[in-house]
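Asks: Okay, handing you the structure first.
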Amino acid sequence: MSRYQQEFTRSIEQPETFWAEQAKRIPWFTPPSTILSYDDQQHARWFADGEMNICHAALDHHVDQGRGDQAAIYWDSPVTQSKKVISYREMRDQVAHFAGALKNLGVEKGDRVIIYMPMVPEALVAMYACARLGAVHSVVFGGFAPHELAIRIDDAKPKVVIAASCGVEVNKVLPYKPIIDDAIKQSTHQPSACVIFQRDQGVAELGPKDHDWAELVKAADFTDCVPVMGTDPLYILYTSGTTGKPKGVVRDTAGYAVALAYSMEAIYDMAPGEVFFSASDVGWVVGHSYIVYAPLLRGCTTVVYEGKPVKTPDAGAFWRLIEEYKVKSFFTAPTAFRAIKKEDPDAKLLEQYDISSMKALYLAGERLDPPTFHWLDDLLDVPVIDHWWQTETGWPIAANPRGIEAMPTKAGSATVPVPGFNVQILDREAEQAEPMTQGSVVIKQPLPPGCLVGVWGDPQRFHSAYMAAFPGYYLTGDGGFFDEDGYLFIMGRTDDVINIAGHRLSTGEMEEVVGAHPAVAECAVIGIHDELKGQLPVGLVIPKDGFDGDEAALEKELIALVRDQIGPIACFKQVLVVNRLPKTRSGKILRKLLRNIADGKEYGLPSTIDDPSSLQDVHDAMRERDVGSSTKAQPI
Numbered sequence: 341m342s343r344y345q346q347e348f349t350r351s352i353e354q355p356e357t358f359w360a361e362q363a364k365r366i367p368w369f370t371p372p373s374t375i376l377s378y379d380d381q382q383h384a385r386w387f388a389d390g391e392m393n394i395c396h397a398a399l400d401h402h403v404d405q406g407r408g409d410q411a412a413i414y415w416d417s418p419v420t421q422s423k424k425v426i427s428y429r430e431m432r433d434q435v436a437h438f439a440g441a442l443k444n445l446g447v448e449k450g451d452r453v454i455i456y457m458p459m460v461p462e463a464l465v466a467m468y469a470c471a472r473l474g475a476v477h478s479v480v481f482g483g484f485a486p487h488e489l490a491i492r493i494d495d496a497k498p499k500v501v502i503a504a505s506c507g508v509e510v511n512k513v514l515p516y517k518p519i520i521d522d523a524i525k526q527s528t529h530q531p532s533a534c535v536i537f538q539r540d541q542g543v544a545e546l547g548p549k550d551h552d553w554a555e556l557v558k559a560a561d562f563t564d565c566v567p568v569m570g571t572d573p574l575y576i577l578y579t580s581g582t583t584g585k586p587k588g589v590v591r592d593t594a595g596y597a598v599a600l601a602y603s604m605e606a607i608y609d610m611a612p613g614e615v616f617f618s619a620s621d622v623g624w625v626v627g628h629s630y631i632v633y634a635p636l637l638r639g640c641t642t643v644v645y646e647g648k649p650v651k652t653p654d655a656g657a658f659w660r661l662i663e664e665y666k667v668k669s670f671f672t673a674p675t676a677f678r679a680i681k682k683e684d685p686d687a688k689l690l691e692q693y694d695i696s697s698m699k700a701l702y703l704a705g706e707r708l709d710p711p712t713f714h715w716l717d718d719l720l721d722v723p724v725i726d727h728w729w730q731t732e733t734g735w736p737i738a739a740n741p742r743g744i745e746a747m748p749t750k751a752g753s754a755t756v757p758v759p760g761f762n763v764q765i766l767d768r769e770a771e772q773a774e775p776m777t778q779g780s781v782v783i784k785q786p787l788p789p790g791c792l793v794g795v796w797g798d799p800q801r802f803h804s805a806y807m808a809a810f811p812g813y814y815l816t817g818d819g820g821f822f823d824e825d826g827y828l829f830i831m832g833r834t835d836d837v838i839n840i841a842g843h844r845l846s847t848g849e850m851e852e853v854v855g856a857h858p859a860v861a862e863c864a865v866i867g868i869h870d871e872l873k874g875q876l877p878v879g880l881v882i883p884k885d886g887f888d889g890d891e892a893a894l895e896k897e898l899i900a901l902v903r904d905q906i907g908p909i910a911c912f913k914q915v916l917v918v919n920r921l922p923k924t925r926s927g928k929i930l931r932k933l934l935r936n937i938a939d940g941k942e943y944g945l946p947s948t949i950d951d952p953s954s955l956q957d958v959h960d961a962m963r964e965r966d967v968g969s970s971t972k973a974q975p976i
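Start counting at 1 in the sequence shown, then tack on 340, and there's your number in my numbering.
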C-alpha cells in the first residue's frame, strides 16, 4: 500500500487511534481521554473532555516556544496603499488587550459576538479575542445588506457587534456604520454595544451605544485565555439554505484545531516559519480556516490581502504578493484566475515577478473547470491542485495530499478523499454506485474532527438537512463519481444553492425577495453557467394580472430589491418577464429544465409537465434576451 492508502485506511478503520495521534499536534490545558463520543442523535463529537483554547494554541503557545519575533501576519492593502508586519508577540498582545476591552463590555464565555469587518488585521484580532474569552464569534461578510445582517443578529443574539467604520474598494469607500445601524433597527434582538474600529478613509459618527475601538483598548488590561472544553462552540458561520433561511453552521473548538493543524501538513505541505497565502475573505469559511486559524496553529505566517485579483492595480497582483512575501503555498478560487485570464490572457504580467518560492497552487470554492486548470497548468511549473470542501466541513474533503504523498493530477478531479473522510457515491436506492457512475456524494459517519456539529438554535434542522436523506451518512448536496483509479469528480450541486465566484447563495432566498414585489405573481430564480463567475442568477417572473407597467422598469426595480436585501454579491442583473413557468402537475417548477435551456443543453418534454407550451414560452424569452447559451438549446 502507498503512504496515502495506509494513512487513509487507518483513519477509517481506527479513527480514535488516528485522531488521538493528530491531537498531539496542538497544545492542551487538559489532554482528552475521550477521543470520540456521540450526541443524542448519534452524531460524532471529538475530544469532549479535553480542555484548550484555540487562541492559546495559535498565539501564546508559539510565543512561549520562542517564535514571538516571527511574522504572524503580512497585511497588504493596495486599496489603501498600506502594508504592515505583525509578529506573533505583537498579535498576542493586541488580542489579549482587545479581549480585555470586550470583557469590560460584559462579554463572557458562551456569549455571541458578531464581527462585520473588511480584510484588516483587526478582523483577526477580534476573532481571536472572542476565542480567548470563550465567546462565540459570527463573522458576517463586510458589505452584506442590512436585512441579511439583521437576520443574523436575530438568530445569533449577540451581546456585542464589532465593525469597522468602512470598507475600501477600488475607487470607492463603503461606510459600514449606516448598514449596522439599519440592521439593528430592523432586528428584534438588540445588542448591548457596538465597537467601531475607525479607519482614516471613512470615520464614523458614534451613537450612544457605540464605542471607539482604540479608546476601549487603552482602558483594557492584558487578559489571559479562558480554558474551554473540546466540544464548546468556537463560531457560527451562516451559509445559504435552500429554504431561504440561512443556516448557522456551528463549529466546535478542539476538533477544528486538530483538523486544521493536520491539514496544514498533510494537504498543504506547510512547516512552521513558512508563508501561506489564501486570497479569500474572513467572512467566508476559507478565511476562517486558512487565513485566520490554520496558518497560525501551524506556526506559519499568513498573508492578509485587502485587494482584488485584478484592478488593484492590475492582473499581476497575486504574482507580486507571492514574490514579495516568499509565499510557499497559495490558495484561491478558480473565479479569481478566470478574471486574471480575461485581463491578461497570455500572462505577460507574470514575467515581471519571481514566484519561485511557490511550490503549489490550490484552488477550491467551486469546481475547477478544465480550461482554467489547463491554462494554469501550462503557465506554472508547480502542481495546480483542485480540492473540494464546504462551509459545513471546515476543511478539505478531497485533495491531493502533498504532505503525505503527492499524486498525479487529473483535470476536473479533486483527486482523492482526505484521511478521515469516508466518501462514497450512492444511487437513489442508497446503493453504492459503480465507478464512472454519477450519484449523490455522501460521507459515511462518523464525520472527522473539524466538521459542523450543529445548526445554531435548530438541532432538528441539522439532522434533517444533512443526515436524514441517507441514514448513517452526511449528505454533501453535491453530485459526482469516482473513476477507476479512485479519483473523485464533483459535478455540481444537487439542490438550489448556486455557486457565484466561490460564494454559495440561495436561489430560494432571491425568490423570496423578487416574489415580494407587488407586481409579481410568481417567480423562479435559477443559476446558469457563467465563464467568469461559475454561475449567475437569472430571474423569471410572471406579473400579476392587469400589470400594464414598463417591463424594463420592473426589471430594474427587482434588481435593486435583490441588491438591497441580499447585497451586490448576489450578482442579480437579469430578469425575464414570462407568461407561464413550466411546472409539474403537482405545481413544482421544473428548475432543472430551465437551467438546461439556459445552459444550451438539449432538453426533452417531461411526462410530468402540466402545460407543454409553457416550456416554449420560456425558451423564446431566453433566446430573445440571449440568456446564457439558450440559443443553442434544442428540444428532443
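Note that beta-carbon positions come from the ideal geometry of N, C-alpha and C, so glycine has one too.
Closest to Gln692 by C-alpha separation, out of Trp796, Ala700, Leu661, Lys558, would be which residue?
Replies: Taking the sequence shown and counting its residues from 1, the one referred to as residue 692 is at position 352. Selected option, being the one with the closest Cα: Leu661.
Asks: Is it a yes or a no for the segment 797 to 813 touching the segment 830 to 850, going by three-plus beta-carbon pairs under 8 Å?
Replies: no
Asks: Under DSSP, the beta strand (DSSP E) around Ile837 begins and ends at which residues?
Replies: Here residue 837 is taken as the residue at index 497 of the sequence shown, counted from 1. According to the sequence provided, residue 837 is Val. The question's Ile does not apply to it. Val837 -> beta strand (DSSP E) spans 837 to 840.
Asks: Rank Ile524, Glu614, Ile830 by C-alpha distance to the C-alpha of Asp726 and give the top, closest one.
Replies: Counted from its first residue, the sequence shown places residue 726 at position 386. Ranking Ile524, Glu614, Ile830 by Cα distance to Asp726 puts Ile830 first.
Asks: Look at Gly790 and Trp735 and say whether their C-beta atoms are less than 7 Å apart.
Replies: Within the sequence shown, numbered from 1, the residue matching residue 790 stands at position 450. Within the sequence shown, numbered from 1, the residue matching residue 735 stands at position 395. Closer than 7 Å, so yes.
Asks: In three-state DSSP terms, what is Lys549?
Replies: Numbered from its first residue, the sequence shown carries residue 549 at position 209. Here Lys549 sits in coil by DSSP.
Asks: In whole angstroms, what separates the C-alpha of Pro515 from that of Val500?
Replies: For the purposes of this step, residue 515 is taken as the residue at position 175 of the sequence shown. For the purposes of this step, residue 500 is taken as the residue at position 160 of the sequence shown. If you take the alpha carbons of Pro515 and Val500, they lie about 19 Å apart.
Asks: Do you know how far the Cα of Val781 is from the Cα of Lys941?
Replies: Residue mapping note: residue 941 aligns to position 601 of the sequence shown, counting from 1. Residue mapping note: residue 781 aligns to position 441 of the sequence shown, counting from 1. Their Cα atoms are separated by approximately 24 Å.
Asks: Taking a contact to mean a Cβ-Cβ separation below 7 Å, would you say Gly752 touches Pro788 in this structure?
Replies: Position 412 of the sequence shown, counting from 1, holds the residue named residue 752. Position 448 of the sequence shown, counting from 1, holds the residue named residue 788. The answer is no: Cβ separation not under 7 Å.
Asks: On a Cα-Cα basis, can you pick out the residue from Phe387, Thr357, Gln382 that is closest to Thr370?
Replies: Residue numbering aside, residue 370 sits at position 30 when the sequence shown is read from its first letter. Among Phe387, Thr357, Gln382, the Cα nearest to that of Thr370 belongs to Phe387.
Asks: Comparing C-alpha positions only, which one of Gly639, Leu921, Gln956, Ile866 sits nearest to Lys913?
Replies: Residue mapping note: residue 913 aligns to position 573 of the sequence shown, counting from 1. Nearest option by C-alpha distance: Ile866.
Asks: Just curious, the beta strand (DSSP E) that Glu509 is in, first and last residue?
Replies: The residue you call residue 509 lines up with position 169 of the sequence shown. Per DSSP, Glu509 belongs to the beta strand (DSSP E) from 506 to 509.
Asks: In terms of DSSP beta bridges, what is Phe821 paired with?
Replies: Indexing the sequence shown from 1 puts residue 821 at position 481. DSSP, once it has assigned bridges, lists Phe829 as partnering Phe821.
Asks: Quick check on DSSP: helix, strand or coil for Thr652?
Replies: Translated into positions along the sequence shown, residue 652 becomes position 312. Thr652 falls in the coil class under three-state DSSP.
Asks: Looking only at its own chain, which residues have a Cβ that is under 6 Å from the Cβ of Leu955, when we skip the five neighbours before and after it?
Replies: The sequence position of residue 955 within the sequence shown is 615, counting from 1. Cβ within range, chain order: Pro922.
Asks: Going by DSSP, name the residue or residues bridged to Val435.
Replies: One-based indexing of the sequence shown puts residue 435 at position 95. Paired residue(s): none; Val435 is not in a bridge.
Asks: Please report the straight-line C-alpha distance between Thr563 and Pro355, rounded to a whole angstrom.
Replies: The residue you call residue 563 lines up with position 223 of the sequence shown. The residue you call residue 355 lines up with position 15 of the sequence shown. Distance between the alpha carbons of Thr563 and Pro355 is about 36 Å.
Asks: From this set, Trp728, Ala411, Gly483, Arg768, which residue's C-alpha is nearest Gly507's C-alpha?
Replies: Locating residue 507 in the sequence shown gives position 167, where the first residue counts as 1. Here the closest residue by C-alpha is Gly483.
Asks: So which of Met776, Val643, Pro811 has the shortest CA-CA distance to Leu464?
Replies: Residue 464 sits at position 124 when you count from the first residue of the sequence shown. Residue Val643 is the option with its Cα nearest to Leu464.
Asks: Once DSSP output is grouped into helix, strand and coil, what is the label at Pro975?
Replies: As a working mapping, residue 975 is identified with position 635 in the sequence shown. Pro975 sits in a strand when the DSSP states are folded into three classes.
Asks: Report the three-state DSSP secondary structure of Phe616 (helix, strand or coil).
Replies: Counting from 1 along the sequence shown, the entry for residue 616 is found at position 276. Correct three-state label for Phe616: strand.
Asks: Classify Asp823 as buried or exposed, calling it buried when 16 or more other Cβ atoms lie within 10 Å of its own Cβ.
Replies: The residue given as residue 823 occupies position 483 in the sequence shown. An exposed status is given to Asp823, since fewer than 16 other beta-carbon atoms sit within 10 Å of its beta-carbon.
Asks: Going along the chain, which residues of its own chain have a beta-carbon closer than 6 Å to the beta-carbon of Gln362, five neighbours each way excluded?
Replies: Taking the sequence shown and counting its residues from 1, one reaches residue 362 at position 22. Taken in chain order, the residues that qualify are Val598, Tyr602.
Asks: Does the separation of the CB atoms of Leu708 and Pro674 fall below 7 Å?
Replies: Locating residue 708 in the sequence shown gives position 368, where the first residue counts as 1. Locating residue 674 in the sequence shown gives position 334, where the first residue counts as 1. Contact flag set, yes.
Asks: Going by beta-carbon coordinates alone, are Arg472 and Cys534 separated by less than 7 Å?
Replies: As a first step, residue 472 is located in the sequence shown; it is residue number 132 there, counting from the start. As a first step, residue 534 is located in the sequence shown; it is residue number 194 there, counting from the start. Taking 7 Å as the Cβ cut-off, Arg472 and Cys534 do not qualify as a contacting pair.
Asks: If the criterion is Cβ atoms closer than 7 Å, does the pair Asp950 and His869 meet it?
Replies: For the purposes of this step, residue 950 is identified with residue 610 of the sequence shown, where counting begins at 1. For the purposes of this step, residue 869 is identified with residue 529 of the sequence shown, where counting begins at 1. Contact flag unset, no.
Asks: Count the C-beta pairs between the segment 650 to 658 and the segment 676 to 684 that are closer than 8 Å, then say yes if the count reaches three, no if not.
Replies: Touching, per the Cβ criterion.
Asks: For Phe537 versus Glu462, is the C-beta spacing smaller than 7 Å?
Replies: Numbered from 1 along the sequence shown, position 197 holds the residue referred to as residue 537. Numbered from 1 along the sequence shown, position 122 holds the residue referred to as residue 462. Yes, Cβ-Cβ distance for Phe537 and Glu462 is below 7 Å.
Asks: Report the residue ranges of all alpha helix (DSSP H) runs contained in full by the segment 474 to 505; include only those spanning at least 4 residues, in chain order.
Replies: 486 to 496
Asks: Out of Lys884, Lys873, Ser422, point me to the one whose CA is closest to Glu862's CA.
Replies: Sequence index remark: in the sequence shown, residue 862 carries index 522 (1-based). It is Lys884 whose Cα lies nearest to the Cα of Glu862.
Asks: Within the same chain, show all residues whose beta-carbon is closer than 7 Å to that of Lys666, passing over the 5 residues directly before and after it, in chain order.
Replies: Counting from one through the sequence shown, the residue named residue 666 turns up at place 326. If we look at Lys666 and ignore the five residues flanking it on each side, its Cβ neighbours are Val615, Ser697.
Asks: Under the DSSP definition of a beta bridge, which residues are partnered with Pro759?
Replies: Residue numbering aside, residue 759 sits at position 419 when the sequence shown is read from its first letter. DSSP lists no partner for Pro759.
Asks: Please report the distance separating the alpha-carbon of Gly450 from that of Thr731.
Replies: One-based indexing of the sequence shown puts residue 450 at position 110. One-based indexing of the sequence shown puts residue 731 at position 391. If you take the alpha carbons of Gly450 and Thr731, they lie about 22 Å apart.
Asks: Can you give the beta carbon distance from Glu605 to Tyr344, rounded, assuming they're within the 8 Å contact cut?
Replies: Residue 605 sits at position 265 when you count from the first residue of the sequence shown. Residue 344 sits at position 4 when you count from the first residue of the sequence shown. In fact, because the Cβ distance is near 14 Å, the residues do not count as touching under 8 Å.
Asks: Trp796 by DSSP, collapsed to three states: which one?
Replies: For the purposes of this step, residue 796 is taken as residue 456 along the sequence shown, with counting starting at 1. In the three-state scheme derived from DSSP, where H, G and I count as helix and E and B as strand, Trp796 is classed as coil.
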